[in-house]
Amino acid sequence: MLRRLQSRLMVILAVMLVMGVIFAALLYQYATTPASASQDGQVVEIKPGMTLKQVAHFLADKELLSEPSTFMLYTYLQGEQNHIQAGEYRFSPSMPPRDILEALTSGMAVLYTVTIPEGYRITDIAGLLEAKGLVDKPAFIEATRNRELLESLHISSGSLEGYLYPETYKFSKAGGARRIVQTLLDTFKERVLQPERVQQAEAMQFTFHEIITLASLIEKETGLGKERKLISSVFHNRLAKKMRLQTDPTVIYAMVNFDGNIRKKDLSIDSPYNTYKHFGLPPGPIASPGLESIQAALDPEESDFLYFVSRKDGSHQFSTNYKDHIRAVQKYQLSHRVRG
């Protein structure tokens with residue numbers, strides 16, 4: 012009786028083993044067999060919050076997968092059911108389910124290249140990212156006012172203006188505004204916020220926030236890279252002599268609606284950013300400066316210049332006194348408004 016029972020158990024175990032081998036073979040065949048031979052790629056978006064079932068049927072509807080239930084089973088057996096990441100993915104029917112699952116769980120989403128130019132304001136960056144379909148502009152602007160991020164840099168101006176590093180980035184649409192802001196800020200910390208620069212600023216009796224603010228003015232005023240340090244020297248000299256900086260970009264920053272022209276009345280705008288009205292630096296940066304402008308703020312050219320005026324070709328005429336400056340204005344600006 013016992014021997015007969017043992018024989019039956021052996022048969023059952025053998026059958027189960029064979030069935031297991033067959034099941035594993037069939038599952039492996041499914042995982043490595045594409046839905047079709049078509050290599051026509053398409054971009055699909057896996058939205059945040061989609062369940063595994065929704066993802067499987069969505070991809071099957073796009074003819075990228077066959078047998079969505081089998082894909083779900085395969086995903087569970089791989090222990091990846093909770094690791095699918097939202098985002099845009101580029102798939103083709105010629106990709107086997109195994110590769111599709113690997114892409115979904117490793118976040119191999121479609122990336123969009125975005126170049127943030129030097130001198131862009133937060134509103135400019137937000138508009139650029141919105142045009143790429145990466146963020147909603149108001150959400151991005153709000154993310155730059157995040158208290159935790161501001162406190163990490165001891166910023167009291169209420170915004171990360173000037174601290175979003177201008178560079179070429181790659182972002183997925185699933186990243187969201189907060190993650191993109193964090194990436195830009197982390198890049199700033201890595202490229203700019205180095206101990207030797209902070210020490211250099213302190214040796215000049217500036218806070219690093221003031222240096223970034225000054226660098227943003229240099230960035231907005233500079234047409235030719237080789238003039239950055241000269242423009243920096245003008246600002247440093249005027250600060251040392253307790254002169255107003257009187258730089259147009261700060262007025263533009265303070266204006267609600269700038270139409271491309273600065274009028275005499277605009278110079279009286281009641282804003283702490285208006286350097287025609289207030290002495291010293293504005294409360295914070297007015298744009299994102301590049302590294303060269305930051306270096307220029309830390310290492311200005313030695314000069315006695317106190318004025319500069321555009322030559323209308325990207326370069327500037329520099330002057331040490333108001334009389335020479337007026338001559339330069341008359342020569343290069345003609346009937347344009349006098350700065351001084």
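Numbering (this note's numbering), first residue to last: 12 to 351. Note that CB positions come from ideal geometry on N, CA and C, so glycine has one too.
- Here Y123 carries a strand assignment [DSSP, helix/strand/coil].
- If you draw a straight line from the Cα of A42 to the Cα of S170, it is about 49 Å long.
- Nearest Cα to E99 within the set L28, L140, A185, K253: A185.
- Per the coordinates, the alpha-carbon of E232 lies some 47 Å from the alpha-carbon of G60.
- A check of alpha carbon separations from L235 across F217, S304, A188 identifies S304 as the nearest.
- With respect to the 7 Å criterion, F290 and S244 are not classified as neighbours on the basis of their beta carbons.
- If you check the CB distance, S168 and G301 do not come in under 7 Å.
- Of the residues T286, R190, K252, the one whose Cα lies closest to the Cα of T258 is T286.
- In summary, H336 is buried, with 16 or more beta-carbon neighbours lying within 10 Å of its beta-carbon over all protein chains present.
- Judged by their CB atoms, I222 and A214 are not nearer to each other than the 7 Å cut-off.
- DSSP places Y343 inside the alpha helix (DSSP H), whose first and last residues are 333–343.
- Here K323 has Y343 as same chain residues with Cβ atoms under 7 Å from its own Cβ, once five neighbours each way along the sequence are excluded.
- Membership of E99 in the beta strand (DSSP E) is indicated by the continuous run 98–102.
- In this structure the region 82–98 does not lie against the region 144–156, because fewer than three pairs of beta carbons, one per stretch, are closer than 8 Å.
- Following the DSSP letters along the chain, one finds T233 in no beta strand (DSSP E), marked with neither H nor E.
- Each of P104, S299, I33 was checked against the Cα of E230, and the nearest Cα belongs to S299.
- Taken through DSSP and simplified to helix, strand or coil, I166 comes out as coil.
- The three-state secondary structure of T116, taken from DSSP, is helix.
- By the C-beta criterion, the region 151–159 is judged to be in contact with the region 188–202, since at least 3 inter-stretch pairs fall below 8 Å.
- In the three-state scheme derived from DSSP, where H, G and I count as helix and E and B as strand, Y131 is classed as coil.
- Here S183 is not bridged, per DSSP, to any residue.
- In the DSSP assignment, no residue is bridged to F246.
- Here the region 259–271 does not lie against the region 324–331, with fewer than 3 beta-carbon pairs under 8 Å apart.
- Membership of Q210 in the alpha helix (DSSP H) is indicated by the continuous run 206–214.
- Here E141 has K148 as same chain residues with Cβ atoms under 6 Å from its own Cβ, once five neighbours each way along the sequence are excluded.
- In this structure, T116 places its C-beta atom within 7 Å of the C-beta atom of H94.
- Looking from the CA of Q40, the closest CA among I297, S49, S77 belongs to S77.
- Between R239 and A307, the beta carbon gap of about 4 Å places them in contact (Cβ cut-off 8 Å).
- Between P311 and the set A251, D72, G173, the nearest pair of CA atoms involves A251.
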